[in-house]
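Down below is the structure, laid out as structure tokens.
Residue numbers (UniProt numbering), protein chains in the order written: chain A, 1 to 534; chain B, 1 to 534.
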């Protein structure tokens with residue numbers, strides 16, 4: 001995974017992308033198209049490249065290609081400039097189609113505003129829409145009245161939408177109503193004034209959050225840079241702000257705005273698994289499990305290698321009782337079987353145990369043992385499951401014993417096995433296990449095993465066996481060469497460790513510091529002596 | 001203990017000591033004596049103060065007081081200037097006593113050299129002794145011959161002793177032998193030349209170690225200063241050098257020199273428990289358990305509060321089968337019973353279990369429960385002993401349950417009890433214990449218990465119980481105020497922790513870093529928000 005990441009980082013080179021985009025801009029569209037496709041495969045949410053691409057088609061009036069491009073990008077790129085380009089395109093192709101064309105254009109405006117009307121930068125779009133509606137021809141007073149009603153409706157939406165242009169829109173609306181009817185205006189304006197005021201207040205608050213966001217950022221996998229973290233933080237703050245429903249609107253509208261914010265956020269933090277996860281769990285919490293599922297599916301398209309997202313997704317399915325769906329996700333984690341990770345084996349066994357029972361888990365374990373990536377972890381996990389869940393210490397013991405044949409060289413496995421035997425309170429077998437392991441492990445691998453053996457004798461042994469194992473440990477480890485000659489001698493620190501219980505020490509913390517410092521000095525000095533001798 | 005140390009540090013004020021010593025020097029002896037006594041109670045191994053004290057008596061010819069003082073300090077202060085002062089005193093009081101006085105003086109020289117002859121600075125003493133011997137009157141040739149033999153014997157010891165004056169002594173010896181008999185000289189000198197050469201070589205090597213030592217240092221408890229650590233290191237190096245027997249002398253002589261070095265070392269590192277311990281164990285290893293015991297007894301006089309030295313001493317006695325002696329030391333650790341530490345209770349119970357059996361340990365535990373300092377540790381220790389050593393889970397369980405009535409408010413006790421039940425694989429009782437504890441522990445005390453409960457459900461529970469306990473934990477801990485509002489939401493990090501097994505993670509280390517950093521940023525931000533709100 002790590003090595004993948006390095007390649008990924010190379011791939012998502014922002015400078016190279018900018019150079020490529022610049023190059024494409026100066027080429028004829030037929031030559032530029034493959035470059036844009038390359039760019040947009042890497043940066044599918046880069047609205048600016050989509051816009052550049054689509055404008056290149058528009059410049060040569062490739063209407064079909066333009067339409068196609070818009071259908072590929074609009075819903076994933078909730079960005080005003082791109083969508084205004086779309087409106088321009090729709091207006092152009094419908095310019096000469098009379099009423100039908102006007103209807104198409106109106107629909108396009110509605111479509112855009114339904115997706116982007118909430119954008120803080122959507123003011124000019126509202127204005128353009130109103131202007132467009134105002135210029136529609138009216139044959140008679142009825143039509144004039146209808147047109148006026150349509151304009152009023154849009155105004156009344158625009159003035160309660162917190163945008164950069166909200167004050168301008170309010171003034172325009174005042175003029176509009178006054179031009180229609182001075183008398184009616186008074187009532188309408190005083191009705192809308194508080195709603196407008198509230199929207200303006202929210203605008204001012206929201207602007208602070210929005211200003212923190214870099215709207216030109218390309219979506220690259222997190223590299224840990226400070227700039228990226230600032231952006232992540234800015235988005236989290238904006239999301240938290242929106243989740244608080246600052247405008248006190250109805251929950252459906254509020255949810256729509258939260259979704260809008262998540263969608264915009266994911267244009268930039270497309271490679272951030274935590275954002276996908278938060279988005280999906282927000283949906284699930286809001287009651288829309290299906291929406292959550294869809295977010296997970298999109299997340300896995302964006303981050304196909306993210307195991308944690310897969311587990312999160314499987315967890316959602318399992319939680320809602322969709323066991324078969326969950327199983328499919330687990331199976332996707334297993335992959336082709338050859339490269340299945342030990343963790344995937346383990347989690348699948350646990351899943352089977354939970355959902356299908358002991359026998360299914362056992363069967364899978366027996367197969368998994370033969371997998372090339374079956375590490376000792378799988379044995380430990382299965383044995384502990386048998387012990388803790390099936391209450392079957394015998395099976396657990398057999399599994400550990402079978403594993404020992406394969407993993408005698410793994411100190412961690414030895415320690416896990418010893419832990420298990422400790423739970424059985426089976427000191428005879430623990431001692432035997434330590435002896436078997438230490439007779440085959442090389443000294444440099446056995447440090448932790450010796451440590452545990454010592455600790456074991458401090459609990460289970462008498463004074464003689466305690467002292468003996470410590471001496472043996474010193475002798476064995478002195479052969480690793482990492483310990484100097486003094487390591488062979490018993491130290492006061494050993495006494496302290498023998499007579500310490502939990503956090504009760506047979507000395508003051510000053511003494512402890514002193515002994516610890518001395519040990520460090522001693523070791524440093526011995527290493528120096530050894531180094532000098534070399 | 002820590003607070004003791006602060007007082008101690010105050011008490012052992014070097015500057016104040018020097019001022020006091022200076023003051024004493026300018027007072028008549030009757031007034032100075034109490035000041036010296038005060039000084040020497042604090043610094044019983046400060047040879048320079050003893051010398052000053054004794055010289056003050058000598059100046060006014062207080063011979064009896066002088067003698068008394070010498071008997072109090074000489075053997076604890078193996079320092080050349082102090083002992084030369086002693087020789088001066090002996091010579092003075094025996095000056096006019098004829099042959100008897102000469103014999104006394106000779107004995108004093110022998111006495112001094114037997115203790116300090118090995119000192120690198122003992123050259124002048126050897127010389128003075130030789131001069132003294134040379135000036136003894138001889139009535140006849142027989143006596144002259146005896147005198148010559150005596151001088152030769154001393155020379156022959158002096159020239160194989162590595163001292164600063166070894167070359168001068170060799171030249172003197174050559175002259176001496178040549179003045180006795182040119183013919184004999186040749187044989188003797190060529191016999192001694194290689195021994196002298198070897199001693200001179202060792203002198204040069206040893207000098208490097210000795211030069212690192214500050215022979216003016218006052219013995220103060222370690223405060224952790226760099227200077228102190230350098231001195232500690234210098235002594236450890238010198239001791240290691242001597243233990244290597246660089247002069248290849250017989251082991252009795254080598255041991256004598258090692259003892260001499262330890263004794264000198266302890267004049268300066270008198271408050272260093274590790275030196276006392278090393279000295280005692282060196283004795284024990286060399287086969288002299290009685291000497292080791294004596295060192296421990298002196299160590300406990302020097303550091304009466306050092307529990308670890310007491311345990312080390314008890315361990316030595318127990319190891320050699322002197323159970324009654326060991327028991328007495330354990331009893332000294334218990335003290336008056338009122339202030340007995342929990343650790344002392346525990347170690348005594350374990351000692352009784354080892355040496356007198358289950359019943360003695362049980363009886364003591366029943367009493368110890370009533371002690372005012374009986375903390376939960378005593379219950380844990382006794383329960384685990386019953387479980388691990390007596391294989392009696394029922395007693396262990398009863399002890400834990402009895403302790404719960406007293407220690408329900410101790411999260412660590414809850415965790416230990418839970419650990420024990422986990423070893424019994426008794427999930428019903430573990431769950432019940434967690435619920436009981438969490439219903440009474442305040443949230444800010446229950447962080448670790450919740451953590452363990454969560455981990456427990458990850459092992460023993462199904463998905464629903466896993467998720468439920470995590471949610472409950474979040475809700476409970478969010479009330480502590482230390483966690484921000486986001487803490488209530490499930491995070492991707494929670495998913496990671498649910499699907500991690502041992503060191504197998506469902507994500508790359510980059511992902512982990514990223515998630516961890518995000519959590520830190522988030523928390524910092526929320527704390528800032530909370531702080532701003534205050």
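Glycine included, C-beta positions come from ideal geometry on N, C-alpha and C. Quantities reported herein were computed from a predicted structural model and do not represent experimental measurements.
| Check | Outcome |
| --- | --- |
| Which class does residue 300 of chain A belong to by DSSP, given the choice of helix, strand or coil? | helix |
| From residue 483 of chain B to residue 455 of chain A, what does the alpha carbon distance come to, in whole angstroms? | Since pLDDT at residue 483 of chain B reaches only 49, below the 50 mark, its modelled position is unreliable, and the value read off the structure follows with that caveat. Cα to Cα, the separation comes out at about 37 angstroms. |
| Is the Cβ of residue 506 of chain B closer than 7 angstroms to any Cβ of chain A? | yes |
| Within 7 angstroms of any Cβ in chain B, is that where the Cβ of residue 501 of chain A sits? | yes |
| Curious, which full-length alpha helix (DSSP H) runs of at least 4 residues does the region 219 to 297 of chain A contain? | 226 to 243, 251 to 268, 273 to 285 |
| Are there three or more Cβ pairs, one per stretch, closer than 8 angstroms when the region 304 to 323 of chain B is compared with the region 252 to 260 of chain B? | no |
| Does residue 165 of chain A have its Cβ less than 7 angstroms from a Cβ in chain B? | no |
| Is residue 409 of chain A close to chain B, meaning its C-beta is less than 7 angstroms from at least one C-beta of that chain? | no |
| Looking at chain A, which residues of the region 233 to 244 of chain B have a Cβ within less than 9 angstroms of any of its Cβ atoms? | 233, 236, 237, 240 |
| Would you mind telling me which residues of chain B sit closer than 9 angstroms to residue 325 of chain A, beta carbon to beta carbon, in chain order? | By Cβ distance, chain B contributes nothing, its closest Cβ being about 14 angstroms from residue 325 of chain A, past 9 angstroms. |
| Any Cβ of chain E within less than 7 angstroms of the Cβ of residue 461 of chain A? | The chain labelled as chain E is not found among the protein chains of the depicted structure, namely A and B. |
| Does the beta-carbon of residue 14 of chain A have 16 or more other beta-carbons within 10 angstroms, so that it is buried, or is it exposed? | exposed |
| May I ask you to report which of helix, strand or coil DSSP gives residue 504 of chain B? | strand |
| Taking C-beta to C-beta, are residue 386 of chain A and residue 402 of chain A nearer than 7 angstroms? | no |
| Would you mind telling me which residues of chain A sit closer than 8 angstroms to residue 468 of chain B, beta carbon to beta carbon, in chain order? | None at all; the shortest Cβ gap to chain A is about 11 angstroms. |
| In terms of residues, what are the limits of the alpha helix (DSSP H) holding residue 152 of chain A? | 141 to 158 |
| Give the secondary structure of residue 60 of chain A by DSSP, where H, G and I count as helix, E and B as strand, and everything else as coil. | coil |
| Sorted by chain position, which residues of the same chain lie with C-beta nearer than 6 angstroms to residue 7 of chain B's C-beta, five sequence neighbours on each side aside? | Its pLDDT being 43, under 50, residue 7 of chain B is placed unreliably by the model, and nothing is read from it. |
| By how many angstroms is the C-alpha of residue 248 of chain B removed from the C-alpha of residue 126 of chain B? | 22 angstroms |
| Kindly list the residues whose CB is nearer than 8 angstroms to the CB of residue 438 of chain B, restricted to its own chain and excluding five residues on each side of it in sequence; keep chain order. | 446, 449, 450, 453, 476 |
| Could you round the C-beta distance between residue 280 of chain B and residue 299 of chain B to whole angstroms and report it? I think they count as a contact, below 8 angstroms. | 7 angstroms |
| Using 8 angstroms as the threshold, is the region 458 to 474 of chain B in touch with the region 182 to 197 of chain A, meaning 3 or more CB pairs across them? | no |
| In chain order, what residues of the same chain lie with their CB nearer than 8 angstroms to the CB of residue 512 of chain A, ignoring the 5 residues before and after it? | 496, 505 |
| Please tell me whether residue 407 of chain B and residue 413 of chain B are closer than 7 angstroms, where the distance is taken between their beta carbons. | yes |
| Please compile the residues from chain B whose C-beta is within a distance smaller than 9 angstroms of the C-beta of residue 319 of chain A. | 463, 464, 467 |
| Mind listing, in chain order, the continuous alpha helix (DSSP H) runs of no fewer than 4 residues lying wholly within the region 358 to 434 of chain B? | 358 to 368, 376 to 388, 393 to 407, 411 to 423 |
| Pop quiz: residue 352 of chain B and residue 344 of chain B are said to be a contact at Cβ under 8 angstroms. What is the actual Cβ separation, rounded to whole angstroms? | That belief does not hold up - the Cβ atoms of residue 352 of chain B and residue 344 of chain B are roughly 12 angstroms apart, past 8 angstroms. |
| Do you know how far the Cα of residue 376 of chain B is from the Cα of residue 12 of chain B? | 37 angstroms |
| Tell me which same chain residues have a C-beta within less than 7 angstroms of the C-beta of residue 65 of chain A, skipping the five on either side of it? | 57 |
| Flag this pair as touching only if the region 265 to 276 of chain A and the region 219 to 233 of chain A have three or more C-beta atom pairs under 8 angstroms; answer yes or no. | yes |
| Does the CB of residue 471 of chain B have a neighbour CB from chain A at under 7 angstroms? | no |
| In three-state terms, what does DSSP make of residue 124 of chain B? | helix |
| Is there a Cβ of chain B sitting closer than 7 angstroms to that of residue 281 of chain A, yes or no? | yes |
| Evaluate the contact criterion for the region 94 to 106 of chain A versus the region 72 to 84 of chain A: three or more CB pairs, one atom per stretch, below 8 angstroms. | no |
| Examine chain A for any beta-carbon lying closer than 7 angstroms to the beta-carbon of residue 217 of chain B, and answer yes or no. | no |
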